[in-house]
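Beneath this line is the structure, given in structure tokens, with notes to follow.
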Amino acid sequence: MSLQPKVALAQEFLANLAKLPSAIQNKILKWAIKFQADPRSPGINYENINAARDSNMKSVRIDQDWRGIVFKPANGDVYVLLYVAHHDEAYRWAENKKLAINPITGAMQIVFTEQIVVKETVSKSFSEPTRPFSKLTDKELLSLGVPEDWITNVSELPDDTSLDGIQPYLPIEAYEGLFLYLAGDSVTQILMARETRVDQVIDTQDFSKALDSAESQARFVVVDDEALEAIMNAPLAQWRVFLHPTQRKLANKNFNGPARVLGGAGTGKTVLAMHRAKWLAENKILDDERVLFTTFTKNLALDIEQNLKSLCSSDTLKKIEVTNLDAWVHNFLRGRSYGNTIVYNRSGDAKLAWEMALAAKDQSLDLPDSFYESELEQVVLPQGISTLDEYRLAKRVGRGGVLKRAVRDSIWPVFEEYRHQLSIRKLKEVDDAYRDAATLLREKPFGKYSAIVIDETQDFGPQAIRLLRAMINTEENSLFFVGDGHQRIYSRNKAALSQCGVDIRGRARKLYINYRTTDEIRKLALSMLEGIEIDDLDEGIDEGVRYKSLSHGPAPKVEEVASLEVAFAKAVSATQEWQNIDGIEKRSLCIVAPTKVIRDQASNYFKTKGFAVDTVEATKADTTSVDSVFFSTMHRAKGLEFDRVIVISNKLVESDAKQSIDQRRLIYVALTRAKREACLIVC
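Read in order, the letters of the sequence shown are residues 3 to 685 in my numbering.
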């Protein structure tokens, strides 16, 4: 009895399918279902492509106008749908491509056989060539993912800048590996971070086995009849199917303790976290256990919950609980008869309690009220300090001058009185509530979760991290943190994992490739943070030099105007200009403002100009429409993406260093929501 043929879809097949009219997509889907059911059917006429460099490339007829390109090797039962287009375009695509297996990594790669692009890049270089890759051996280049056919050309690249010229023609792992090598990493370091083995015996004709590698699965997905229809019905949702090899390995890896993944905006951290939760739920927990997926804000939790519904089966979803941490703490403490109301913004009764505490301050110290508030938020609450003795020993990194013991003794009564006033009113600061919850968990372990996935780790403070550590009793696959110090928009929350009882030694990884924004937008966004030291969520520094975007586009527009009304007019003008360029092919667009008031003013202005508008509220998760202009605050925009973004920002408050840094981080977050084009208007 013969084995069932293995049918796979290429990422490029789905990308091109998504561009076609829906009627054509439906026709191709019906054909693909029949093809997947029996690719050996006599009704499928595999035609040779005379000009093709790879004899295994075949053309198949979908109808009179449309053709599919299928890889059908002479040996084995593997069929790969590579491309679909009009007859002539499909043939042109196939002429200069071949499918090959990398002899070192075992990855299946679509290889461009025409390399005129490289020759053109070389000819335009007038400086003395440095040939940065010429010292690498053939084996080293192959191990980085460079196809055999491209070794000579890569070795002869004249300088560092030439690499970008051939980026579209290289497998993603090859481009990333070469870029990291230019950034200063050794080949050994790159391969160790990727967990790439170079000692395997690779059969370069075994395409069935090659499809099993993480590198291959970044480009190809093996489908059964059920998966085929689901994937082809949503060809744009490629994040559900294709992961960068490093992402896939991290999502499916057994860790013997907590792990942390770092990555700039657009590097796929949240996508990785969702795939991680899915893998844990399907492979690593018992029926009565759960995976907790938590993040800092309820907005992001809502977005993630919606996306998990499209990623996971109903059975898998039952094993994943999604909630922001504050909601979890509220429900947990209520179940333990806590009796206190949690304070988040120090208003109402909490504000009165704080004012009464300030009345107890030592006037001889001549310290402003703002000092006491920042000392509370940056020292006392994050470190969980509850006694004078603890305050005397507290670290005050970044708080300016040294405070002698006598001064600390005089300051402390304000914080002691504040907690007393809160207690009278049955109130608790959120950091103290985290600490109380952790204490309750240590006294009576919860035992519900076998794993916790944490998104946007940079927004959690020390007490939140300690609570997460207390919520889980296991070590293996226990805590999986993803985050980015560039995007810390809640400045009072800064924690080093190792100082919170979380040991990630040997389990810290980093994502470098930005899939969302163009490199031009990435550079502008990063310039907002120039001079600001970015931490790695532990006790190190995150160097931005290794981040890189795959796509390129127009340079973002930056304008400074005199008033909000002029800013709104500029935004309308930019929107109209983009719409004129697009014609009938609409793109998603969001106007991002610093506050709700300015957001709503901008929305009303656009409405008076005849635009359909839609506001991204706290409970709104669907922002995929291209029929309306979306409006969002900078905080709410986090975690979202649009084809185009217009950021309206206040001028930076250079006189207040902390406020300036907070503003810069928010602008960074807002700009990096854009996939294609961006505009920054400062007023």
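Positions of the beta carbon are idealized from the N, C-alpha and C atoms, including for glycine.
Note that this is a predicted model, so its numbers are computed, not measured.
Check whether the Cβ atoms of C502 and P464 sit closer than 8 Å, and answer yes or no. Between C502 and P464, the C-beta spacing is below 8 Å.
When the Cα atoms are used, what is the spatial distance from N254 to W281? 6 Å
Return yes when the Cβ of M110 is within less than 8 Å of the Cβ of L213, no when it is not. yes
Three-state class that DSSP yields for V432 in the structure shown: helix
Alpha-carbon spacing of S316 relative to A283, whole angstroms: 11 Å
Straight-line CA distance for P260 to A680? Taking the straight line from one Cα to the other gives about 37 Å.
Judging by CA-CA distance, which residue of C314, V156 and P131 is the nearest neighbour of K141? V156
How about F482 and R278: are their beta carbons less than 8 Å apart? yes
As assigned by DSSP and simplified to three states, the class of N516: strand
State buried or exposed for R667, treating a residue as buried only when at least 16 other CB atoms are found within 10 Å of its CB. Counting Cβ neighbours within 10 Å, R667 comes out buried, since at least 16 surround it.
What residue from R398, K609, G546 and W580 has the CA that sits closest to T269's CA? G546
8 Å contact criterion, which D540 and S500 should meet: CB distance rounded: 5 Å
Length of the line joining the Cα atoms of E431 and K512: Answer to the nearest angstrom: the Cα atoms are 34 Å apart.
What is the rounded straight-line gap between the Cα of K496 and the Cα of R548? 23 Å
On the premise that R338 lies in contact with L193, defined as a C-beta separation below 8 Å, what is that separation, rounded to the nearest angstrom? That belief does not hold up - the Cβ atoms of L193 and R338 are roughly 49 Å apart, past 8 Å.
Taking 8 Å as the threshold (C-beta atoms), are D645 and R678 in contact? yes
Since I believe E291 is in contact with S452 (beta carbons under 8 Å), could you give me their beta-carbon distance rounded to a whole number of angstroms? 4 Å
Closest residue to L138 among E357, Y183 and K36 (Cα-Cα distance): Checking every option, the nearest Cα to that of L138 belongs to Y183.
E122 versus G167: straight-line alpha-carbon distance, rounded: Caution applies to E122, whose pLDDT of 46 falls short of 50 and renders its modelled position unreliable; the model cannot decide the point.
Span separating the alpha-carbon of R437 from that of G585: 56 Å
S125 burial status per 10 Å Cβ neighbour count (16 or more: buried): Here S125 scores only 46 on pLDDT, less than 50, and its place in the model should not be relied on; the value that follows carries that caveat. Exposed, since its Cβ has fewer than 16 Cβ neighbours within 10 Å.
Under a three-way DSSP split, which group does N50 fall into? strand
Counted within 10 angstroms of its Cβ, other Cβ atoms place V560 as buried (16 or more) or exposed: It counts as exposed.
Among residues of its own chain, excluding the 5 on either side of I46, which ones have a beta-carbon nearer than 7 Å to its beta-carbon? F37 and V62
Cβ-Cβ distance between P149 and V113 below 8 Å: The answer is yes: Cβ separation under 8 Å.
DSSP state of F483, grouped into three classes? Strand at F483.
Helix, strand or coil: how does DSSP classify M530 here? coil
Within this structure, are the beta carbons of G642 and R675 separated by less than 8 Å? It is worth fixing the name first, because residue 642 is Leu in this sequence and not Gly. Against a cut-off of 8 Å, the Cβ pair of R675 and L642 comes out as a contact.
May I ask you to report which of helix, strand or coil DSSP gives V200? Residue state, collapsed to three classes: coil.
What are the partner residues of W68, as DSSP defines its beta bridges? Secondary-structure assignment with DSSP links W68 through a beta bridge to H88.
Starting from M234, follow the beta strand (DSSP E) in both directions and report where the run begins and ends. No beta strand (DSSP E) contains M234, which is instead part of the alpha helix (DSSP H) from D227 to M234.
What is the DSSP secondary structure of L682, counted as helix, strand or coil? strand
Within the same chain, show all residues whose beta-carbon is closer than 7 Å to that of Q460, passing over the 5 residues directly before and after it, in chain order. G485, D486, G487, Q489, R490 and L539
Roughly how many angstroms lie between the CA atoms of C685 and V649, to the nearest whole one? 11 Å
Cα-Cα, which of L552, N301 and F257 is closest to I174? L552
How big is the Cα-Cα spacing for M473 and L424? 26 Å
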